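One structure below.
Protein chains: 2
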Amino acid sequence: MNKRRTGSRSTGRTTIEDVARHAGVSAITVSRALRTPDSVSKPLRERIGQAVATLGYVPNRAARTLASARSNSVAVLVPSLSNQVFVDVLAGIRDVLGPRGYQLLIGNNLYDAAEEERLLMAYLEHHPDGLLLTGLQQSPRARAALAGSGVPTVHMMDLMADHSVTSVGFSQPAAGYAMTRHLLERGHRRIAFMAAQLDERTLKRRDGYRQALDEAGHGDYCAEISSPAASSVGLGVELTAQLLAEHPAIDAVFCCNDDLALGALFHCQRRGIPVPQHLAIAGFNDLGFGACSVPALTTVATPRYHIGVRAAELLLARIDNPALDAETLDLGFELQTRESA
Amino acid sequence: MNKRRTGSRSTGRTTIEDVARHAGVSAITVSRALRTPDSVSKPLRERIGQAVATLGYVPNRAARTLASARSNSVAVLVPSLSNQVFVDVLAGIRDVLGPRGYQLLIGNNLYDAAEEERLLMAYLEHHPDGLLLTGLQQSPRARAALAGSGVPTVHMMDLMADHSVTSVGFSQPAAGYAMTRHLLERGHRRIAFMAAQLDERTLKRRDGYRQALDEAGHGDYCAEISSPAASSVGLGVELTAQLLAEHPAIDAVFCCNDDLALGALFHCQRRGIPVPQHLAIAGFNDLGFGACSVPALTTVATPRYHIGVRAAELLLARIDNPALDAETLDLGFELQTRESA
DNA sequence: GCTGATTATGGTAGCGCTAGCATCTGTTTG
DNA sequence: CAAACAGATGCTAGCGCTACCATAATCAGC
Chain R
1 MNKRRTGSRS TGRTTIEDVA RHAGVSAITV SRALRTPDSV SKPLRERIGQ AVATLGYVPN
61 RAARTLASAR SNSVAVLVPS LSNQVFVDVL AGIRDVLGPR GYQLLIGNNL YDAAEEERLL
121 MAYLEHHPDG LLLTGLQQSP RARAALAGSG VPTVHMMDLM ADHSVTSVGF SQPAAGYAMT
181 RHLLERGHRR IAFMAAQLDE RTLKRRDGYR QALDEAGHGD YCAEISSPAA SSVGLGVELT
241 AQLLAEHPAI DAVFCCNDDL ALGALFHCQR RGIPVPQHLA IAGFNDLGFG ACSVPALTTV
301 ATPRYHIGVR AAELLLARID NPALDAETLD LGFELQTRES A
Chain A
1 MNKRRTGSRS TGRTTIEDVA RHAGVSAITV SRALRTPDSV SKPLRERIGQ AVATLGYVPN
61 RAARTLASAR SNSVAVLVPS LSNQVFVDVL AGIRDVLGPR GYQLLIGNNL YDAAEEERLL
121 MAYLEHHPDG LLLTGLQQSP RARAALAGSG VPTVHMMDLM ADHSVTSVGF SQPAAGYAMT
181 RHLLERGHRR IAFMAAQLDE RTLKRRDGYR QALDEAGHGD YCAEISSPAA SSVGLGVELT
241 AQLLAEHPAI DAVFCCNDDL ALGALFHCQR RGIPVPQHLA IAGFNDLGFG ACSVPALTTV
301 ATPRYHIGVR AAELLLARID NPALDAETLD LGFELQTRES A
């Protein structure tokens, strides 16, 4: 009678079948009691709840995913978690997707194309319900796998030129342009550009920087410095030292993010270079500390959290209705003019 | 003959069966070619490889997990990703577990006990092969589920008093004590303590601080300030202002992390308070920017990356051999005495 | 009291993959 | 030359869950 079938392959863990037996119902009723409690009568629901608690039952997600063909997960690929920018984006995503019951598969370490491909393939094995990516996929294989998978996808941070994909972000070149214009308007003429890793977005900001200089007739003056290293305050110090040694005449530096800018600021403090009088410093992203540094940092405020929120929302819409047209959502940016420039 | 059975529940995605048919072999051979290539002859291996490429086959991880009872994933729960400390820990974990083929399920937002429980339960549904946790689980239900799951677990950051669990980290109270001793030895007497959220680890550092003051006979003098808000440079500015307003006589402040310390530094710069002459400032963690700030930040260097690495290694050992005894691994810390104190 | 709709529960058959064994071929050994 | 063995491949039966359909029980309406 008590057909406690335990095959050789059984894992020994409590299954839905065990709970069903304990509660004197069928497995499918337990399944329903857990997923759609309203479809099960109250007495059964309670009995099942007790059985679950007594046995310490934890549903097996792999089995659920396999049977239902829905993973209830969304994969998010960001370049790096040491960059606060992406942590803020993630927070926005989590705040939208968490309450909707989605689990996030967070992948990082994407400044390397091979690693990016590896990660994307790995996450596709989970058959996520949706995909949130940062920037275009670099490797053709990754792009093919992406297209072939049919998983709804939203790209974040940048606005895609390709209007067949959905993207949420702001115009990187426009932001670079705006900051450079600001520096020009404040009377600076020898404006340097500083970056860490030259990813897509950084390159676009640089395009904006160059365009602004060109238009102002200073296109011939061009002091650009970058490093393959990851961005950090320390790197900002180093690059500033190097920049000033090579181009002593510069009167402003547009740093591609706030970490570098803070490093530039520290370097100037250490050397007694007055900011912004002798050297104006501009950052990018408005990471929070810029508002309290001395002098306070002029920077570009980017809608990171909001990008995460809107990207998640657009993705949800596309999961519910895969036929939706692609969309490009520009969330803009805002110049924060403070003391350093 | 071509029994292309496509039941009503089929997802339409390419399965291992499709690949097998295309390559003219059985499904199990494809499975082997993908997992243990050496066990399949070269010609077949190549034919299968081509079929995989042609069809764009992506294995279904849920099915694999279900059939093999191994998820090849490790769940990592950290309090927050906006705290660089945990990002460094994650990097160490990834560097060990990634090459070994494990996927990481990263959970954050754990400063809330209810959320922590929710996340832990959600990750247990994945039946991870191992679990890396930060701090003790607060809720009894979470602890029960953890114990019942039988999943190998390593706790990170702090050293557990409970020697039945494996933990990797350093002594938080000892670190708090050491820094306070340093400040005392430099002649400071009115030493304040500043923290953001009072999590377990922060409280233990404070214990060390109090003990050092007590021993030095300054136990009666106690200026402590904290805030329920998340730690940030801005919060450091605020708390410093508040602290100085309430306790104008303090001559040193021990900040529970470097963000707060930088905020304190900025506040002093803004108000023209000489550091360290009028107010010495000490941080915690040695996040990188402390080495270049002006003045450079005295702080406690914590082996974050290394904690991640060793925790992952201990976990691997326990996954391979669940019978291993619990272990407590103290990785120590190092006082970084620089200019600010 | 009968019909048709509605609600609550259960049985069956997979989802896509792999463990465990069986089978088949070719090679080695006494 | 038979027996023993190793290596390569295949068959079958699940892993634990849920979609789909069937059935039983209840109820409104005529």
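Protein chains in written order, with my numbering: chain R, 1 to 341; chain A, 1 to 341. Glycine included, every Cβ here is placed at the ideal spot set by N, Cα and C. Note that the structure is predicted; figures quoted are calculated from it, not measured.
Item	Value
Alpha-carbon to alpha-carbon, A245 (chain A) and S232 (chain A)	20 Å
Proximal residues to E339 (chain A) (C-beta, below 6 Å), its chain only, five neighbours per side dropped	P295, A296
Where I28 (chain A) falls, given that 16 or more other Cβ within 10 Å makes a residue buried	exposed
9 Å Cβ cutoff met for D300 (chain R) and A178 (chain R)	The residue asked about is misnamed: residue 300 (chain R) is Val in this sequence, not Asp. Yes.
Euclidean distance between Cα positions of R210 (chain R) and N83 (chain R)	25 Å
CA nearest to the CA of P59 (chain A), picked from A:V25, A:T14, A:A69	A:T14
Contact with chain A by A323 (chain R), beta-carbon distance below 9 Å	no
V25 (chain R) CB to nearest heavy atom of the ligand ADP below 8 Å	No copy of the ligand ADP appears in this structure; indeed no ligand is present at all.
Span of the alpha helix (DSSP H), counted from its first residue to its last, around A33 (chain A)	27-35
Interface residues of chain R facing I106 (chain A) [CB-CB closer than 7 Å]	I106
In DSSP terms, what D342 (chain R) is bridged to	A query on residue 342 (chain R) cannot be resolved here, the shown segment of chain R reaching from 1 to 341 and no further.
DSSP state of F284 (chain R) mapped onto helix, strand, coil	coil
Short-range partners of chain R found in the segment 124-146 of chain A, where Cβ spacing is below 9 Å	L124, E125, H126, H127, A144, A145
Cα-Cα separation between M157 (chain R) and S171 (chain R), rounded to whole angstroms	9 Å
Pairwise C-alpha distance: V253 (chain R) and E215 (chain R)	18 Å
Where S149 (chain A) falls, given that 16 or more other Cβ within 10 Å makes a residue buried	buried
DSSP-derived helix/strand/coil call for V78 (chain A)	coil
Helix, strand or coil at A312 (chain A) [DSSP, three-state]	helix
Where H163 (chain R) falls, given that 16 or more other Cβ within 10 Å makes a residue buried	exposed
Minimum C-alpha distance to A230 (chain R) - residue among R:C222, R:L260, R:K204	R:L260
Reduced DSSP secondary structure (H/G/I, E/B, other) of C268 (chain A)	helix
C-beta neighbour in chain A for V87 (chain R), strict 9 Å	yes
Per-residue DSSP class, three states only, for L324 (chain R)	coil
Within-9 Å CB hit, T153 (chain R) to chain A	no
Residue of A:S139, A:E185, A:E224, A:R118 minimising C-alpha distance to H247 (chain A)	A:E224
Residues in the segment 56-80 of chain R having any Cβ partner in chain A nearer than 9 Å	G56, V58, P59, N60, R61, A62, A63, R64, T65, L66, A67, A69, S71, S80
D129 (chain R) burial status per 10 Å Cβ neighbour count (16 or more: buried)	buried
Option nearest F266 (chain A) by Cα separation, candidates A:E238, A:G288, A:D286	A:E238
8 Å contact criterion, which C256 (chain A) and M194 (chain A) should meet: CB distance rounded	6 Å
For G234 (chain A), the residue or residues it bridges with in DSSP	Answer is none; G234 (chain A) lacks a bridge partner.
Straight-line gap, S26 (chain A) to V19 (chain A) (C-alpha atoms, nearest Å)	9 Å
Buried or exposed (CB count within 10 angstroms, at least 16 for buried), N321 (chain R)	exposed
Min CB distance K3 (chain A) to chain R below 9 Å	With a pLDDT of 39 at K3 (chain A), under the threshold of 50, the modelled position of this residue cannot be trusted, and the question is left open.
Minimum Cβ-Cβ distance from H267 (chain A) to chain R less than 9 Å	yes
Test: Q84 (chain A) CB closer than 9 Å to a CB of chain R	yes
CB contact below 9 Å: A342 (chain R) versus chain A	The requested residue 342 (chain R) is not part of the displayed model; chain R covers only 1 to 341.
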